[in-house]
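**Student:** Numbered according to this note's numbering, the sequence shown terminates at residue 144, and the numbering increases by one at each position without gaps. Note that beta-carbon positions come from the ideal geometry of N, C-alpha and C, so glycine has one too. Since the model is a prediction, treat every value here as computed from it, not as a measurement. Pasting in a structure now, in C-alpha cells, and then I'll have a few things to ask.
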Amino acid sequence: MKLLLFLPPLDESLTAIVGMRSRRGEKRARFYLLRQTVLILATTVVCLMAGCRKPVTSSAAVVIKSEVMPKPLRAGPATVALQLEDSSGKPISGAHVTLEGDMFHAGMGPVFGEAREIGSGRYQGDLQLTMGGDWVVLVHIVLQDGQKLEHQINVNGVLPN
Ligand SMILES: [Cu+2]
C-alpha cells in the first residue's frame, strides 16, 4: 500500500481499488482508471499528431509544403516552390518569403533568393546552387501579422554541372 501511494498520478485509482470494498467504491475506482486511460490516450494522440506534422510544419497553425525543382537537380538555378496553409487548409496569402541556400563547408558562403506569391498561398523563387553536393535550403517566412517561421529543406546530392 505504501509503495502505491508513491506512484503519482495512478496512486489515486490504485488505492481506490485496493482500499474500497463497497460497490460504490469499486465504481469510483473504475471511473478513476477509465479517466486515467482516457487522459493517457489523449496525450498519446496529440503527440503522434505533432510528430506527423513535423516534417512539413514550423508552427502549429501553419502547414508548409515545399518542393525544389527541377528533378534531378544540377548545379545552377533551382526553383523553390512553397504552399502555405492554415490548419484548416485555407491558403495563407501576403507572406514575405526569402530563401537561403547553405552547404556548410569551409570557404563557401550562403546564397540568397526571394520568393514571390504566384497564386493564393503559393510562393515561388529561384536560388543559384553554385556547385554540386548537399545543400540545405532555409526558407524564412514572415506572415502578414508579423509572425516569423522557418522551414528547412534538405537538398542532397545536387549533381555537378
Ligand atoms: Cu559548396
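1. For a test of the three-state rule: what should DSSP assign to LEU142, helix, strand or coil?
2. Taking 8 Å as the cut-off, decide whether the C-beta atoms of VAL119 and GLN135 are in contact.
3. Should GLY116 be listed as close to ligand 1, given that the test is whether its C-beta is under 7 Å from any heavy atom?
4. Name the two residues that bound the continuous beta strand (DSSP E) containing MET121.
5. For VAL29, which residues from the same chain have a beta carbon less than 6 Å from its beta carbon, with the 5 sequence-adjacent residues on both sides left out?
6. Is HIS134 near ligand 1, going by C-beta to nearest heavy atom under 7 Å?
7. Could you check what DSSP says for ASP158 in three-state terms: helix, strand or coil?
8. Grab me the residues of HIS79's own chain with a C-beta within less than 7 Å of its C-beta, minus the 5 sequence neighbours each way, in chain order.
9. Below 8 Å, how does it come out for the region 52 to 72 and the region 81 to 98: are there three or more Cβ pairs, yes or no?
**Tutor:** Result, derived from the coordinates:
1. Counted from its first residue, the sequence shown places residue 142 at position 159. Three-state result, LEU142: strand.
2. Taking the first residue of the sequence shown as 1, we reach residue 119 at position 136. Taking the first residue of the sequence shown as 1, we reach residue 135 at position 152. Against a cut-off of 8 Å, the Cβ pair of GLN135 and VAL119 comes out as a contact.
3. Taking the first residue of the sequence shown as 1, we reach residue 116 at position 133. Under cutoff, so the answer is yes.
4. Walking along the sequence shown from the start, residue 121 turns up at place 138. Note on residue identity: the sequence assigns Leu, not Met, to residue 121. Its beta strand (DSSP E) spans residues 116 to 125.
5. Within the sequence shown, numbered from 1, the residue matching residue 29 stands at position 46. Residue placement at VAL29 is poorly supported in this model, since its pLDDT is 38, which falls under 50; the coordinates are not used for a value here.
6. For the purposes of this step, residue 134 is taken as the residue at position 151 of the sequence shown. HIS134: no, Cβ never under 7 Å from ligand 1.
7. With the chain covering only -16 through 144, there is no way to say anything about residue 158.
8. Here residue 79 is taken as the residue at index 96 of the sequence shown, counted from 1. Taken in chain order, the residues that qualify are VAL125.
9. yes
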